[in-house]
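K.L.:
First the structure, which I've put down as structure tokens, then a few questions once you've had a look.
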RNA sequence: UGGGGAUUCGCCAAGUGGUAAGGCAUCGGCUUUUGGUGCCGACAUUCGGGGGUUCGAAUCCCUCAUCCCCAG
């Protein structure tokens, strides 16, 4: 009997994932990954509640349940990475790093060592022949967050939810009477939870006043308390009013200055061409040519001409310019339904 | 110091006798397993202060204050 370790977060998706695998005849073990347990000012970390929920469902399903403690790894590989990137003035995507380093690496390794044959998670994605495919529910597809997983890891991974839509998942969870059937979807960076990225960062970074400058006139419009807290395309949090809305179009980390404009067509806001580094291919390296890309989770796929640069970076010529693509964000590349990999915007 | 103009929510800005538009910002919510975007809702009993005219004024008159422009 195939032994599967299911990552259970205490949410509906992973709960149903475990239930489906049991029904499919696998020998299922539920695993709660303890990645972050710190409370933050103004927000209680929900890990204890999530753990309790995951455990309840495991009991309901009559499966074994374990807790894997990855707090150190998570702090180093995900949180520190995120903070370092922000300090460089970039805008990282910690959840992608979490999948690369924790769920599909340490968790996978630990599970295999512990006797598992396969692992499973509640991601909306599909695997076929070691390839990563978009979920049937394209509206909910989460392959964007998974492009840094290796093809080898995928051969040992099951994504049972990839065949269903979110409403179906909720319905099935309800039919089975799972404790978590009615639980609200989590959102935002898992560990940051309810508080914003800004509040989180200010725990680790010193706040320093700087100027908000109008790119068009050069006038100082106001003050902010750290260029690190702003990202390109951002509108809110500037506290600058009068006439049209202002959007962030750039920043200077050295000078601690944030540049804004009311011009929606500003060149800095639109990227018809992207260069990505730290490129990762799930399977084999693709040939230059026509592909589709996605610049953020849930964005529609857009046609792209892919070519390779000297030094390994990849150049992407977009069919339509994308708005507010920040350095540090990920571009994920698709060939029809297959997610073939991607890279990080330079 | 003469002459002219201005003063409406944190910001921009309608409104010239009939009982305070709108936009930005902000706050709250929705959307979303990243940042961000977007959407919805809330947001001046009050119009620089004080008098007066009028049934009734932000809108007319007087006066004080502040700011701006031209003369010096």
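Residue numbers (the numbering used here): 16 to 361. Beta carbons are placed, not taken as given, at the ideal position from N, Cα and C, and that holds for glycine. All figures in this text were calculated on a predicted structure; none of them were measured in a lab.
(1) Are the CB atoms of residue 36 and residue 135 nearer to each other than 8 Å?
(2) By alpha-carbon positions, which one of 273, 297, 260, 228 ends up nearest to residue 348?
(3) Select from 276, 198, 354 the residue whose C-alpha is nearest the C-alpha of residue 232.
(4) What residues in its chain sit with their C-beta under 6 Å from that of residue 319, if we drop five residues either side in the sequence?
(5) So what's residue 218 in DSSP terms, helix, strand or just coil?
(6) Just reading off the beta strand (DSSP E) that residue 97 is part of, what are its end residues?
(7) Taking the DSSP output, what are the residues bridged to residue 337?
(8) Going by DSSP in three states, residue 366 sits in which element: helix, strand or coil?
(9) Measuring alpha carbon to alpha carbon, tell me which residue in 248, 141, 166, 219 is nearest residue 344.
(10) Do residue 329 and residue 321 count as a contact pair if the criterion is CB distance below 8 Å?
(11) Nearest to residue 38 by CA position, among 191, 147, 106, is which residue?
(12) Drop a sphere of 10 angstroms on the beta-carbon of residue 326, count the other beta-carbons inside from all chains shown, and report buried for 16 or more, exposed for fewer.
(13) Mapping DSSP to helix, strand and coil, what is residue 88?
(14) Would you grab the beta carbon distance between residue 259 and residue 239 for me? Rounded to a whole angstrom, and I think it's under 8 Å.
(15) Mark residue 26 as exposed unless 16 or more other C-beta atoms lie within 10 angstroms of its C-beta, in which case mark it buried.
(16) Around the Cβ of residue 157, are there at least 16 other Cβ atoms within 10 angstroms (buried) or fewer (exposed)?
(17) For residue 114, count neighbouring C-beta atoms within 10 Å of its own C-beta (all shown protein chains included) and say buried if the count is 16 or more, exposed if not.
(18) Specify the secondary structure class of residue 71 as computed by DSSP and reduced to three states.
(19) Pick from 257, 79, 139: whose alpha carbon is nearest that of residue 183?
(20) If you pair each beta-carbon of the segment 41-52 with each one of the segment 72-79, do three or more pairs fall below 8 Å?
(21) On the three-state DSSP scale, how would you describe residue 199?
(22) If the criterion is Cβ atoms closer than 8 Å, does the pair residue 194 and residue 125 meet it?
(23) Just checking my contact of residue 237 with residue 255 at CB under 8 Å: how many whole Å lie between their CB atoms?
(24) Return the Cβ separation of residue 132 and residue 17 in integer angstroms, given the expectation that the two are a contact with Cβ distance under 8 Å.
(25) Note down the Cα distance separating residue 221 from residue 104, rounded to an integer number of angstroms.
(26) How many whole angstroms separate the CB atoms of residue 49 and residue 123, which I take to be in contact at a CB cut-off of 8 Å?
(27) Just to confirm before moving on: does the CB-CB distance between residue 166 and residue 145 stay below 8 Å?
P.N.:
Reading from the atomic positions:
(1) Counting from one through the first chain, the residue named residue 36 turns up at place 21. Counting from one through the first chain, the residue named residue 135 turns up at place 120. Yes, these two residues count as a Cβ contact at 8 Å.
(2) Locating residue 348 in the first chain gives position 333, where the first residue counts as 1. The closest CA to that of residue 348, considering only 273, 297, 260, 228, is found on 297.
(3) Position 217 of the first chain holds residue 232. Taking only the C-alpha atoms, the option nearest residue 232 is 276.
(4) Mapped onto the first chain, residue 319 falls at position 304. Answer for residue 319: 306, 308, 331, 333, listed in chain order.
(5) Start at 1 with the first residue of the first chain, and residue 218 comes out as number 203. Looking at residue 218 - three-state DSSP - the assignment turns out to be coil, as it is neither helix nor strand.
(6) Sequence index remark: in the first chain, residue 97 carries index 82 (1-based). Here residue 97 belongs to no beta strand (DSSP E); instead the alpha helix (DSSP H) covers 95-102.
(7) Here the question's residue 337 lines up with position 322 in the first chain. Residue 337 is bridged to 286.
(8) Only positions 16 to 361 of the chain appear in this structure, which leaves residue 366 out of reach.
(9) Within the first chain, numbered from 1, the residue matching residue 344 stands at position 329. Checked all of 248, 141, 166, 219; the closest Cα to residue 344 is 248.
(10) Within the first chain, the letter at position 306 stands for residue 321. Within the first chain, the letter at position 314 stands for residue 329. It is a contact, given that the beta carbons lie within the stated cut-off.
(11) Here the question's residue 38 lines up with position 23 in the first chain. Considering only alpha carbons, the answer is 191.
(12) Here the question's residue 326 lines up with position 311 in the first chain. With fewer than 16 Cβ atoms within 10 Å of its Cβ, residue 326 is classed as exposed.
(13) Start at 1 with the first residue of the first chain, and residue 88 comes out as number 73. In this structure, residue 88 counts as helix in the three-state DSSP scheme.
(14) Looking up residue 259 in the first chain gives position 244. Looking up residue 239 in the first chain gives position 224. Between residue 239 and residue 259 the Cβ distance is about 19 Å, and since that is not below 8 Å, they are no contact.
(15) The residue labelled residue 26 in the question sits at position 11 within the first chain. Looking at its Cβ environment, which holds 16 or more other Cβ atoms inside 10 Å, residue 26 is buried.
(16) Stepping through the first chain from its first residue, residue 157 is reached at position 142. Answer is buried; the Cβ neighbour count reaches 16.
(17) Taking the first chain and counting its residues from 1, one reaches residue 114 at position 99. Around the C-beta of residue 114, 16 or more other C-beta atoms lie within 10 Å, and the residue is accordingly described as buried.
(18) Working through the first chain from its first residue, we reach residue 71 at position 56. Residue 71: helix per DSSP, three-state reduction.
(19) As a working note, residue 183 is residue 168 in the first chain. Among 257, 79, 139, the Cα nearest to that of residue 183 belongs to 139.
(20) Short answer: they touch.
(21) Mapped onto the first chain, residue 199 falls at position 184. If DSSP states are grouped into helix, strand and coil, residue 199 belongs with coil.
(22) Looking up residue 194 in the first chain gives position 179. Looking up residue 125 in the first chain gives position 110. Contact: no.
(23) As a first step, residue 237 is located in the first chain; it is residue number 222 there, counting from the start. As a first step, residue 255 is located in the first chain; it is residue number 240 there, counting from the start. The Cβ separation is near 5 Å, so the contact holds.
(24) Numbered from 1 along the first chain, position 117 holds the residue referred to as residue 132. Numbered from 1 along the first chain, position 2 holds the residue referred to as residue 17. Cβ atoms of residue 132 and residue 17 come within 8 Å of each other, at about 5 Å.
(25) Walking along the first chain from the start, residue 221 turns up at place 206. Walking along the first chain from the start, residue 104 turns up at place 89. Distance between residue 221 and residue 104, taken at the CA atoms: about 14 Å.
(26) The residue labelled residue 49 in the question sits at position 34 within the first chain. The residue labelled residue 123 in the question sits at position 108 within the first chain. No, residue 49 and residue 123 are not in contact; Cβ-Cβ is about 16 Å, not under 8 Å.
(27) On the first chain, position 151 is the one that residue 166 refers to. On the first chain, position 130 is the one that residue 145 refers to. A contact, by the Cβ cut-off of 8 Å.
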